[in-house]
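Residue numbers (our numbering): 1 to 453.
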């Protein structure tokens, strides 16, 4: 095999004209499942690690307080979803999606190595920085690469492929969210961070193995600038960005399931199904619910709703935003019980997870597919990067709120349940405004090989 075969050879540059599922989809779905295992497994234990096991160079404990750990977590999450935009620019304008994914996957792997072997604040910063660049940089490329495999002939299979894609994400997340907290508790951070690292190495190998099955869309180079000069491209991007501004607030609530909700679970009765669950393991209910709810909504709820109303993507998103409010109302009620000195059952937080997961199905999957179909042809990865930037902005909002509520004397604003009521109120206002803003939105889908491309 030639050295350059890693990046370029006789790869296909146009999709095969077929009405069947493209041959490269299986590799992309498997790669995503392994990569998501590595990411969510690492992420699940971050808050517990920072507040209970972080060390200094002398091997002594150097722990973060809860507020500092929450802030650090959300700044990291913000960085993870900021880098997709830069990765998208590299993919669409310079390297192409395949080369971008391969190179940044290597960076990603090195970040996992740093976390597994250096448990100081320096190791944490280096590891999380590299993971943010790697994970964030490949994120829009993988999802856009999946869409690139399709033409107008098999576009009807795209929703199914994205459902498989999201299914793989959550299968990997479920396994890792159960395993890595247990590894951290019983074997320490070396194994807890090391196993996700091994899965990232496996993900890179799987993606490389399928290189001859993919469609390799060449980078646009200066063609990207020409595409940006087209008023139709700008109009499509600005319309999507308007939607992303509202969706950002959903992510502000959603990503607190791995920070505020983990800390809340420490004060709850976690006995369930005859097992006492670790606080960071409760998150595993989200991906398993996704695995149940995706087919339930795809083959039951959505067809049922379609029988008496036109269920557009924007209506799904709007419904999801309103439902997200309910999750934080439940969290506020839980916090009221904790403040009153009670130890509420973890079942109440599981109910909150059910509500936020229903909202996720309506908002995230819909927005992922909608973003690809509405993006200009040569800007698919850029638009995916902008969609993921909404997650970054949501985490920035959460981090800033947590910084703002800290007082110099060590007390906080938004005490107890007030914190959750605040976010529920913000989400309710955002959802109401969204209804009015998207009334006149006109959808214009563009696929590889379509007349509009």
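Glycine included, C-beta positions come from ideal geometry on N, C-alpha and C.
Exercise. Secondary structure at residue 269, three-state DSSP: helix, strand or coil?
Worked result: Here residue 269 refers to the residue found at position 269 of the chain shown. Three-state DSSP puts residue 269 in a strand.
Problem set entry | Three-state secondary structure assigned by DSSP to residue 185 | As a position in the chain shown, residue 185 is number 185, starting the count at 1. Helix.
Problem set entry | Residues near residue 213 by beta carbon distance below 7 Å, same chain, minus five either side | Mapped onto the chain shown, residue 213 falls at position 213. Correct list, in chain order: 23, 24, 27.
Exercise. How would you write the range of the alpha helix (DSSP H) that residue 211 sits in, first residue to last?
Worked result: The sequence position of residue 211 within the chain shown is 211, counting from 1. That residue, residue 211, is in no alpha helix (DSSP H); it is neither H nor E in DSSP.
Exercise. Can you round the beta-carbon distance between residue 264 and residue 356 to whole angstroms, since I take them to be within the 8 Å contact cut?
Worked result: Taking the first residue of the chain shown as 1, we reach residue 264 at position 264. Taking the first residue of the chain shown as 1, we reach residue 356 at position 356. In fact, because the Cβ distance is near 13 Å, the residues do not count as touching under 8 Å.
Exercise. Do you know how far the Cα of residue 98 is from the Cα of residue 1?
Worked result: Here residue 1 refers to the residue found at position 1 of the chain shown. Here residue 98 refers to the residue found at position 98 of the chain shown. Only weak support is given to the placement of residue 1: the predicted model assigns it a pLDDT of 44, under 50, and the question is left unresolved by the model.
Exercise. If we count the other Cβ atoms within 10 Å of its Cβ and call it buried at 16 or more, is residue 295 buried or exposed?
Worked result: Translated into the one-based positions of the chain shown, residue 295 becomes position 295. By the 10 Å Cβ count, residue 295 comes out exposed.
Exercise. Taking the Cβ atom as the reference point for each residue, do residue 70 and residue 286 lie within a distance shorter than 7 Å?
Worked result: Locating residue 70 in the chain shown gives position 70, where the first residue counts as 1. Locating residue 286 in the chain shown gives position 286, where the first residue counts as 1. The answer is no: Cβ separation not under 7 Å.
Problem set entry | From 136, 125, 85, residue whose alpha carbon lies closest to that of residue 39 | The residue labelled residue 39 in the question sits at position 39 within the chain shown. The option with the nearest alpha carbon to residue 39 is 136.
For this session: Return helix, strand or coil for residue 23, following the three-state DSSP convention.
Result: Residue 23 sits at position 23 when you count from the first residue of the chain shown. Three-state result, residue 23: coil.
For this session: Give me the Cα-Cα distance between residue 351 and residue 329, rounded to the nearest whole angstrom.
Result: What you label residue 351 is simply residue 351 of the chain shown in a count that begins at 1. What you label residue 329 is simply residue 329 of the chain shown in a count that begins at 1. So the two alpha carbons sit approximately 11 Å from each other.
Exercise. Would you say the segment 103-110 touches the segment 130-146, given that touching needs at least three Cβ pairs under 8 Å?
Worked result: yes
For this session: Indicate whether at least one CB of chain C lies closer than 7 Å to the CB of residue 58.
Result: Looking at the structure shown, chain C is missing, and only one protein chain is on hand.
For this session: Give the straight-line distance between the Cα atoms of residue 267 and residue 171, rounded to the nearest whole angstrom.
Result: Numbered from its first residue, the chain shown carries residue 267 at position 267. Numbered from its first residue, the chain shown carries residue 171 at position 171. Roughly 28 Å between the two C-alpha positions.
Exercise. So which of 20, 81, 144, 398 has the shortest CA-CA distance to residue 155?
Worked result: Taking the first residue of the chain shown as position 1, residue 155 is located at position 155. Comparing Cα positions, the closest option is 20.
Exercise. Given that a residue counts as buried once 16 or more other Cβ atoms are within 10 Å of its Cβ, and exposed if not, what is residue 3?
Worked result: Residue mapping note: residue 3 aligns to position 3 of the chain shown, counting from 1. Per-residue confidence for residue 3 stands at a pLDDT of 46, beneath the threshold of 50, marking its modelled position as unreliable; the derived number appears in the next sentence. Flag for residue 3 reads exposed.
Problem set entry | Helix, strand or coil at residue 177 [DSSP, three-state] | The count along the chain shown starts at 1 and reaches residue 177 at position 177. Reduced to three states, the DSSP call for residue 177 is helix.
Exercise. Can you check whether the CB of residue 246 is closer than 7 Å to the CB of residue 434?
Worked result: Residue 434 sits at position 434 when you count from the first residue of the chain shown. Residue 246 sits at position 246 when you count from the first residue of the chain shown. Yes. Within cutoff.
For this session: Within its chain, find whatever has a CB closer than 6 Å to the CB of residue 166; leave out the 5 residues flanking it on each side and keep chain order.
Result: Working through the chain shown from its first residue, we reach residue 166 at position 166. These residues qualify, in order along the chain: 365.
For this session: May I ask which residues mark the beginning and end of the alpha helix (DSSP H) holding residue 53?
Result: Taking the chain shown and counting its residues from 1, the one referred to as residue 53 is at position 53. Here residue 53 belongs to no alpha helix (DSSP H), and DSSP marks it neither H nor E.
Problem set entry | Straight-line Cα distance separating residue 161 from residue 379 | To locate residue 379, count along the chain shown from 1; it is residue 379. To locate residue 161, count along the chain shown from 1; it is residue 161. Taking the straight line joining both Cα atoms gives about 20 Å.
For this session: Go ahead and label residue 187 buried or exposed: buried means 16 or more other beta carbons lie within 10 angstroms of its beta carbon, across all protein chains shown.
Result: Along the chain shown, read from residue 1 onward, the residue named residue 187 stands at position 187. When all chains shown are included, residue 187 counts as exposed.
Problem set entry | Burial state of residue 439, where buried means 16 or more other Cβ atoms lie within 10 Å | In the chain shown, counting from the first residue as 1, residue 439 sits at position 439. Its Cβ having fewer than 16 others within 10 Å, residue 439 is exposed.
Problem set entry | Straight-line gap, residue 307 to residue 384 (C-alpha atoms, nearest Å) | Sequence index remark: in the chain shown, residue 307 carries index 307 (1-based). Sequence index remark: in the chain shown, residue 384 carries index 384 (1-based). Going from the Cα of residue 307 to the Cα of residue 384 covers about 31 Å.
Exercise. What does DSSP give as the partner residues of residue 345 in its beta bridges?
Worked result: The count along the chain shown starts at 1 and reaches residue 345 at position 345. The partner list for residue 345 (beta bridge, DSSP) reads 269.
Exercise. In this structure, what does DSSP give as the bridge partners for residue 276?
Worked result: For this step, residue 276 is matched to residue 276 along the chain shown. For residue 276, which the question treats as bridged, DSSP gives the partners 271.
Problem set entry | Any 3 or more C-beta pairs closer than 8 Å across the segment 412-426 and the segment 269-285 | The segment 412-426 makes no contact with the segment 269-285; the number of CB pairs closer than 8 Å stays below 3.
Exercise. Mapping DSSP to helix, strand and coil, what is residue 1?
Worked result: Sequence index remark: in the chain shown, residue 1 carries index 1 (1-based). Confidence at residue 1 is low in this model, with a pLDDT of 44, below 50, so the placement of that residue is unreliable and no value is reported for it.
For this session: Tell me, please, which residues DSSP counts as bridged to residue 120.
Result: Here residue 120 is taken as the residue at index 120 of the chain shown, counted from 1. According to DSSP, which records beta bridges pairwise, residue 120 is partnered with 55.
For this session: Report the rounded CA-to-CA distance for residue 62 versus residue 254, giving the unit in angstroms.
Result: Within the chain shown, residue 62 is the residue found at index 62, counting from 1. Within the chain shown, residue 254 is the residue found at index 254, counting from 1. Cα-Cα distance, rounded: 29 Å.
For this session: Output yes or no for whether 7 Å exceeds the beta carbon distance between residue 343 and residue 230.
Result: Against the chain shown, residue 343 aligns to sequence position 343. Against the chain shown, residue 230 aligns to sequence position 230. Cβ distance not < 7 Å, so residue 343 and residue 230 don't count as in contact.
For this session: Over the uninterrupted alpha helix (DSSP H) stretch that includes residue 315, give me the two end residues.
Result: The residue you call residue 315 lines up with position 315 of the chain shown. That run of the alpha helix (DSSP H) goes 313-339.
Exercise. Where do the N-terminal and C-terminal ends of the alpha helix (DSSP H) with residue 149 fall, by residue?
Worked result: If you number the chain shown from 1, residue 149 lands on position 149. From DSSP, residue 149 is part of no alpha helix (DSSP H); its letter is neither H nor E.
For this session: Compare the Cα-Cα distances from residue 318 to each of 332, 399, 340, 358 and report the closest residue.
Result: As a position in the chain shown, residue 318 is number 318, starting the count at 1. Checked all of 332, 399, 340, 358; the closest Cα to residue 318 is 358.
For this session: Could you tell me the distance, in whole angstroms, from the CA atom of residue 51 to the CA atom of residue 181?
Result: By one-based count along the chain shown, residue 51 stands at place 51. By one-based count along the chain shown, residue 181 stands at place 181. The straight-line gap from Cα to Cα measures roughly 14 Å.
Exercise. Beta carbon of residue 346, beta carbon of residue 261: below 7 Å?
Worked result: Position 346 of the chain shown holds residue 346. Position 261 of the chain shown holds residue 261. No, the pair does not count as a contact, with Cβ atoms beyond the cut-off.
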